[in-house]
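Numbering (my numbering), first residue to last: 11 to 219.
The beta carbon of each residue, even a glycine, is placed where N, CA and C say it ideally should be.
Computed from a predicted structure; not experimentally measured.
Structure first, commentary second.
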Amino acid sequence: MLSGPAGNGQVPDDPAVGVEDDWSYDGLRLGLNLSLPLWQFVVPDIYGAELVGDFKVGPGYFGVAEAGYSVRNLDEPSYRLEEKGLFLRIGGDRSFYQYNNDIIGAGARLGFSVRDRSASDIFVEQEYWGDYSGVIDSGLSFRQWAEVVLVIKAELSRNLFLGWNLRGKVLLFDRGDSHMSDVFIPGFGAGDRKSTLGFDFYIYYRFGF
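In structure tokens, the structure reads:
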């Protein structure tokens, strides 16, 4: 039976707070992105990892940080591409519905990425000008973008959570490598788009204080 703080059988009026025990959400919650390992089955030449964390900053409000890396090694008949990148997203979430330790909410992120890329074993056949072979030296590119995020987190057992995020992303700043166009931007997605959607799911553990 649900009861209010005074045991009078009332449920708090604010759905963003819901029903909590005395220390609910008072702690650091750390997690891993489970989507990235599964994504390798779709695009085998890209792999990476992402660590995420959130922390309660007020009733129904959470500060969020997400950081990771990605690596891409692409072997084609006419070239070999190597990419390595880091990304960081910072922002916050607002819980609009919370029951016990399960929440549904929305948030915003500001994302940053830096990527190093080089190409080797380049060979281009050209009948008129003659064949060309060469390399493209390592070059850095920087990206910044904004996100709107829909968030669901559900407690499987005490302190263990599964989470799902649906993200809408818009590229804000693009300082790329002039030698090659982007195929993939770490933390953002497809490099040939100014906006994109993403879906991720996570597993978390909360360290209660």
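By the Cβ neighbour-count rule, Leu91 is buried, with 16 or more other Cβ atoms within 10 Å of its own. Within a 10 Å sphere around the beta-carbon of Glu86 sit fewer than 16 other beta-carbons, which makes this residue exposed. Taking all protein chains in view, the Cβ of Trp155 is crowded by 16 or more other Cβ atoms within 10 Å, so the residue is classified as buried. A residue is called buried when at least 16 other Cβ atoms come within 10 angstroms of its Cβ; Gly101 meets this threshold and is buried. In this structure, Arg168 lies away from Gly208, with their beta-carbon atoms at least 9 Å apart. With respect to the 9 Å criterion, Phe217 and Gly37 are classified as neighbours on the basis of their beta carbons.
DSSP links Tyr89 through a beta bridge to Glu86.
DSSP, reduced to helix, strand and coil, places Trp139 outside both helices and strands of the structure shown, so it counts as coil. Taking 9 Å as the cut-off, the beta carbon of Gly197 is found no closer than this to the beta carbon of Glu93.
The Cβ atoms of Leu46 and Tyr57 lie closer than 9 Å to each other. Per DSSP, the continuous beta strand (DSSP E) segment holding Leu182 begins and ends at Leu170 to Arg185.
DSSP places Leu61 in the uninterrupted beta strand (DSSP E) bounded by Ile56 to Gly68.
Leu42: member of the beta strand (DSSP E) spanning Gly37 to Asn43, first to last residue.
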